[in-house]
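Student:
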Amino acid sequence: MKVVCILFLASLLWFGCSASAEQLDRTEGAPVVDERRDAELVFTEINRGFRDASAIDFTAGDERIYIVESGRNRLITLDTGGNRTDSVGSRGSGDSRFDRPSDIDATNGMRIYVADLQNNRVQLFDRRLAYLSTIKPPSDRQGVNPAFFSPAAVSVNAFDEIYVYDSDSETILKFDRNGRLQSLITLNSYDIELPLRALLAHEDQLFVLEAERGLIHELSSGGGYRGFTAGAPDVKAMYLKNRRIWALSSDSLYIISLSGRIEHTVSHNLTGPIRGVAVSRNRVYGLIPDALSAAVFRFDP
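Converting from the sequence shown to this note's numbering requires adding 823 to each position, the first position being numbered 1.
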């Protein structure tokens, strides 16, 4: 009887050790989850009722959201909660009027540039949305005709150099702070599918986003081709913050270094045709044609 009990206890001990060893084997080799890459970005709608909104920007100093509403030919501002605070514009060709505005760069909130697509110009406003001036090429130069100038995207770097993508001539035009044309970059000689969807200027770097393939390419400010960002497919919109590109695709947010390395990939739940993305201190704003949504990000990029 003693022998039977001893054998029974030994079998229990062996089984328990085997089970523990099996559990250890199942977990020991499991990958470590990086929350910055696996966490989902959950968007919540904060404003609805836009008519063909086409672009968004954000200024950190006064925490204002700027949205270009192409269908109503106006620029509107909102607070971080999505409440409208101001607006300018209606359809027309005079100062402070628009015809299918396509893009915006609000810089630091003191000088606000709006690409006025079908009026063939870029309009400049101050922080109170008062009209300051108009920017457009002075005359036909290397295929750029001011009568057909189609500014589809605009971006201003830290040196107040203004870069404008002209979809008519397939050219990026560089203007100085006073709106004088400085140089041209012809894009049809590169392996870039045109038209472009967006343009970002940072110091001596230019980043351009293809409309169809959603690829981001880097150019020098003088027009030299530097390459494209791999691993971030089908990007719909991009934004520059903290020396990083925040690129939004249909299902993911990519945070990309200025050297083209993807640092974070985060899935999101935003649905609809993405028109723009902007980033505040701890929020990402996603724009679709009729609505604005916001998501809190809980990682340090």
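For each residue, glycine too, the CB sits at the ideal point set by N, CA and C.
This one's a predicted model, so the numbers in the text were calculated from it and none came from an experiment.
On the three-state DSSP scale, how would you describe Asn-870?
Tutor: Look at Asn-870 here: in three-state DSSP terms it is strand.
Student: Using only the alpha-carbon positions, how far apart do Asn-870 and Gly-932 sit?
Tutor: 21 Å
Student: Inspect the beta-carbon positions of Ser-1103 and Ala-878 and report whether they are closer than 8 Å.
Tutor: It is not a contact, given that the beta carbons lie outside the stated cut-off.
Student: Check the C-beta distance from Ile-958 over to Ile-927 and give it rounded, since I have them as a contact under 8 Å.
Tutor: About 14 Å; that fails the 8 Å criterion.
Student: Looking at the structure shown, is Gly-1050 part of a helix, part of a strand, or coil, going by DSSP?
Tutor: Of the three classes helix, strand and coil, the one that applies to Gly-1050 here is strand, per DSSP.
Student: For Ile-1078 and Pro-1124, which I take to be in contact (beta-carbon distance under 8 Å), what is that distance rounded to the nearest angstrom?
Tutor: 5 Å
Student: Report the three-state DSSP secondary structure of Gly-917 (helix, strand or coil).
Tutor: coil
Student: Please report the distance separating the alpha-carbon of Arg-1066 from that of Arg-897.
Tutor: The alpha-carbon atoms of Arg-1066 and Arg-897 are separated by roughly 30 Å.
Student: From Leu-1042, Val-937 and Asp-902, pick the residue whose C-alpha is nearest to that of Ile-995; which is it?
Tutor: The shortest C-alpha separation from Ile-995 is found at Leu-1042.
Student: Just to confirm my understanding: we take Thr-900, look at its own chain, exclude 5 residues before and 5 after, and list those with CB closer than 6 Å. What are they?
Tutor: Arg-887, Tyr-889, Thr-908 and Asp-909
Student: Between the Cα of Tyr-1108 and those of Glu-1033, Asp-949 and Asp-880, spot the shortest distance and give me the residue it belongs to.
Tutor: Asp-880
Student: Opposite Glu-892 in the DSSP bridges: which residues?
Tutor: Ala-876 and Arg-897
Student: What do you reckon, are the CB atoms on Ile-1068 and Leu-1023 nearer than 8 Å?
Tutor: yes
Student: By the DSSP assignment, the beta strand (DSSP E) with Asp-926 in it spans what residues?
Tutor: 924–928
Student: Within a Cβ cutoff of 6 Å, which residues of the same chain sit near Arg-1036, ignoring the five residues on either side of it in sequence?
Tutor: Glu-1016
Student: If you reduce the DSSP assignment to three classes, tell me which class Leu-996 lands in.
Tutor: strand
Student: Assuming Asp-989 is part of the beta strand (DSSP E), what are its boundary residues?
Tutor: Where Asp-989 is concerned, the enclosing beta strand (DSSP E) stretches over 985–989.
Student: Would you call the CB atoms of Leu-1038 and Phe-1051 closer than 8 Å?
Tutor: yes
Student: Using only CA atoms, which one of Pro-974, Phe-972, Phe-998 and Ser-992 lies nearest to Phe-982?
Tutor: Of Pro-974, Phe-972, Phe-998 and Ser-992, the residue nearest in Cα terms is Phe-998.
Student: Mark Gln-1005 as exposed unless 16 or more other C-beta atoms lie within 10 angstroms of its C-beta, in which case mark it buried.
Tutor: exposed
Student: Could you tell me the alpha carbon to alpha carbon distance between Phe-921 and Phe-972, rounded to whole angstroms?
Tutor: When rounded, the distance between both Cα atoms is 15 Å.
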